[in-house]
Amino acid sequence: MKLIAKKELSVSEINMDNLDPAFRRASVNMVLTTLNCEELLKNIPQNISKDRVSFVVATHFGEVSTTLEFLSTYHETHVPRPILFQNSLHNSTLGFASIHLGLTGPAMTISCDRETESSAMQMCESLLTMTDYALLCLVDSIPQGLVNYYVETYPFLKPFVNKSTCYLFGKA
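Be aware that the sequence shown starts at 440, since it is given in the working numbering, and climbs by one per residue.
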């Protein structure tokens with residue numbers, strides 16, 4: 440597996456209010472993943488079909504902000520909001536980014552605590568047996584009020600908090 444490109448994007452670098460309307464219902468994880476991967480895909484020759492690119496989204500804790508918003512809204516109003524629930528699922532980030540980027544190759548979501556990064560790398564190696572390129576995005580957005588708690592409780596999370604780190608791999 441050969442690294443072609445790597446890029447990081449943090450929450451502080453994006454303005455959620457000034458995004459394209461296509462991002463209107465997107466979570467922070469969705470935005471970080473999509474915008475960052477969009478840049479990396481520019482490193483692939485234009486004649487490569489999007490089904491030749493596999494895609495892995497890896498997150499240690501998933502859609503924490505959206506899950507919290509869903510639960511808070513439900514507690515306060517006693518009305519479940521389907522979009523919030525849908526966006527609180529781990530696979531929602533992968534689905535949103537895949538659709539926005541037009542990726543049609545194999546795709547996986549990885550979330551396994553402190554093993555997330557190594558598991559995602561292994562998945563990319565496996566997917567490269569089926570496709571020419573593997574796109575990997577590690578993304579974790581934690582609400583500002585919970586960052587200290589998460590980092591104290593899960594010290595391994597510190598390098599990943601409130602940013603996406605994306606890699607584009609090719610076959611060795």
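All C-beta atoms, glycine included, are put in the ideal place defined by N, C-alpha and C.
Based on Cα-Cα distance, which residue from the options lies nearest to residue i?
i: residue 578; options: 592, 559, 599 and 538; result: 599
i: residue 493; options: 565, 478, 451 and 442; result: 565
i: residue 557; options: 449, 477, 499 and 476; result: 499
i: residue 540; options: 586, 462, 515 and 601; result: 462
i: residue 467; options: 449, 544 and 516; result: 449
i: residue 444; options: 483, 601, 465 and 602; result: 483
i: residue 497; options: 531, 485, 517 and 542; result: 531
i: residue 613; options: 588, 459, 476 and 455; result: Because residue 613 is not part of the residues shown, which for the chain are 440 to 611, the question remains open.
Less than 9 Å between the C-beta atoms of residue i and residue j, yes or no?
i: residue 574; j: residue 607; result: yes
i: residue 470; j: residue 453; result: yes
i: residue 495; j: residue 549; result: yes
i: residue 440; j: residue 611; result: yes
i: residue 534; j: residue 490; result: no
i: residue 576; j: residue 604; result: yes
i: residue 472; j: residue 546; result: no
i: residue 602; j: residue 478; result: no
i: residue 588; j: residue 553; result: no
i: residue 609; j: residue 542; result: no
What are the residues that DSSP puts in a beta bridge with residue i?
i: residue 549; result: 497
i: residue 600; result: 579
i: residue 608; result: 442 and 573
i: residue 448; result: 603
i: residue 586; result: None; residue 586 has no bridge partner.
i: residue 492; result: 572
Taking its Cβ as the centre, do 16 or more other Cβ atoms sit within 10 Å of residue i, making it buried, or is it exposed?
i: residue 457; result: exposed
i: residue 527; result: With a pLDDT of 48 at residue 527, under the threshold of 50, the modelled position of this residue cannot be trusted, and the question is left open.
i: residue 555; result: buried
i: residue 442; result: exposed
i: residue 459; result: exposed
i: residue 516; result: exposed
i: residue 583; result: exposed
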